[in-house]
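In what follows, a single structure is set out as structure tokens and then discussed.
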Amino acid sequence: MVRSPVARRGFALAALVAGLAALVVTVLVLVRDPVQSVVAVLLVACAVAAAWAALVRRGARRFAAATVAVVALAATAFLPDLHAYLWFAVVAVLVAVSAGASRAALGHAAAVTGNPAGPARHGVLILNPRSGGGKAARFGLAERARALGVEPVELRPGDDLRALAEQAVARGADVLGMAGGDGSQALVADVARQHGVAFVCVPAGTRNHLALDLGLDREDVPAALAAFGEAIERRIDLAELNGRVFVNNVSLGVYATVVQSPAYRGAKAATAAQRLPDLLGPDAPRPDLAFSLPDGTRCESADVVLVSNGPYRLEHLSGFGTRERLDSGVLGIVTVTADRAGRLSPRRGRRSWSAAEFVVDSGSPLVEAGVDGEALRLPPPLRFRVLPGALRVRMPREAPGASPAALLPAGPRALTAALVRALTRGV
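Following the working numbering from start to finish, the sequence shown increments by one per residue and tops out at 427.
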């Protein structure tokens, strides 16, 4: 959404005021009663640690840890001064308001960058009617596509999505679009890459992470169809795992194991709670995942290995979990290892780096993986590589054009400076 300079100034002011208020509340509470504030922090920390222990244990130990968590949290209510624990909620709300207002103030781009492209001569849009709870039908994407002169093709039960995309190219499609989730986007994007045709992403899935990092408005699904007309075209990277293309990330280890459960889709929290004791409990074995660190050191395991098509921003709250760019030419690699008490190991708890290639080996015949959200089992070794500039992507001229990580500066100092500029200049 493109906002006026006046609106951006208003949001910038709200972000700065809310952020300053959160800081002031924190300082006032600490100054007023530092001992009680420290006690409140310790009680909450105890509750969090005990809750984690309850998640990774079974039976009587789970019950005992859960009891400690409840008692520690309830104990904050008996502190003489309510401010000692209520400030957590107040500060959390103020931070959330500041973050939302910051995105509203800065989360826009002057123009989509790339090369101008004329209308598609023969555009084809493949639609998955089941994705995103039926977004394709809810937004009338097939009818809207026909009105734009774009051929809609519906994916029906039993159809081969890759075959549909290949057939569309064989019929002369010069622009190939996909309305569905990220797994479907990856498959159709791979067909477009192989045949050198342009690709259009229509965010009709559940989370639509690719659309977010491309800079599309995920709330206005039909707006993405404008990319079949006069558009802006640019090249982005794709990534590959053992010959299979992915657009977002591949997860190995604990999360990948949890999503393999047939019950996960319908009951994510319950399934995770059931599986975590076997995966992260005191007696749980480490995942059999071996890989090399940038300095050549060999690691024999990690509880989570995340390999992404471009690095995610994970160090700062502004734009957290999104990619600043999709043409960096490298993979983002993050590994997390917890000790079996459930804490992050200080020395090897979390590592992150970038590389053009990455290999994960295992002694298991099949390695469980979550590939763009799809649960798979693949034979090792798992060979990851980036495909720089492999895909021609068409963007609507009016799209925001960049991800939150690209639009929001990293770190409080840079973010504050950007908000001040937006407040004083409206830009």
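Where is the CB? At the ideal position from N, CA and C, for every residue including glycine.
Reduced DSSP secondary structure (H/G/I, E/B, other) of Asp361: strand
By Cβ distance, which residues of its chain are closer than 6 Å to Val68, with the 5 residues on each side in sequence left out? Ala50
Could you tell me which of Leu415, Gly229 and Leu30 sits nearest to Arg394, measuring between CA atoms? Gly229
Using alpha carbons as the reference points, say which of Ala356, Gly158, Val247 and Ser362 lies closest to Asn208. Val247
For Gly440, which three-state DSSP category applies? This structure gives no information on residue 440, because the portion of the chain shown stretches from 1 to 427.
Go ahead and pull the three-state DSSP assignment for Thr206. coil
Just to confirm the assignment: which complete beta strand (DSSP E) runs, minimum length 3, are found wholly within the stretch 123-167? 123-127 and 151-154
So, Leu94 versus Ile126, is the Cβ gap smaller than 9 Å? no
Per the DSSP calculation, Trp87 is bridged to which residue(s)? None, per the DSSP bridge assignment.
What do you get for Arg171, buried or exposed, if any count of 16 or more other CB atoms within 10 angstroms of its CB means buried? exposed
Would you kindly check if the distance between the Cβ of Pro222 and the Cβ of Phe139 is under 9 Å? yes
Pull the bridge partners of Ser292 from the DSSP assignment, please. Arg298
When burial is assigned at 16 or more other CB atoms within 10 Å of the CB, is Arg313 buried or exposed? buried
Span separating the alpha-carbon of Gly123 from that of Arg392: 14 Å
What is the rounded straight-line gap between the Cα of Gly332 and the Cα of Ala179? 26 Å
Rounded to the nearest angstrom, what separates Glu324 and Asn309 at their Cα positions? 11 Å
Quick one: what does DSSP say Phe384 is sitting in, helix, strand or coil? strand
Thr322 beta carbon less than 9 Å from that of Leu212: yes
Bridge-paired residues (DSSP) for Asn249: Ser308
Smallest Cα separation from Val386: which of Gly329, Val360 and Asp372? Gly329
To which residues of the same chain is Ala290 closer than 6 Å at the C-beta, ignoring the five residues directly before and after it? Glu300 and Asp361
Out of Glu154, Ala64, Glu151 and Gly132, which one is the CA nearest neighbour of Asp182? Gly132
From Asp159, Thr335, Glu315 and Leu407, residue whose alpha carbon lies closest to that of Pro129: Asp159
From Lys135 to Glu315, what distance separates their C-alpha atoms? 33 Å
When burial is assigned at 16 or more other CB atoms within 10 Å of the CB, is Gln194 buried or exposed? exposed
Alpha-carbon to alpha-carbon, Pro152 and Ala417: 46 Å
Between the alpha carbons of Cys201 and Leu225, how many angstroms are there, rounded? 8 Å
Cβ-based burial, Glu368 [other Cβ within 10 Å; buried from 16]: buried
Classify Gly401: buried if its beta carbon has 16 or more other beta carbons within 10 angstroms, exposed otherwise. buried
Give the DSSP bridge partners of Leu43, in chain order. None, per the DSSP bridge assignment.
May I ask you to report which of helix, strand or coil DSSP gives Val330? coil
Given Ala12, which residues of its chain have a CB within under 6 Å of its CB, disregarding the five upstream and five downstream residues? Ala105, Leu419, Ala422 and Leu423
On the criterion of 16 or more Cβ atoms from any shown chain inside 10 Å, does Arg234 qualify as buried, or is it exposed? buried
Give the straight-line distance between the Cα atoms of Ala186 and Gly373, rounded to the nearest whole angstrom. 11 Å
Out of curiosity, what's the CA-to-CA distance linking Leu176 and Val197? 7 Å
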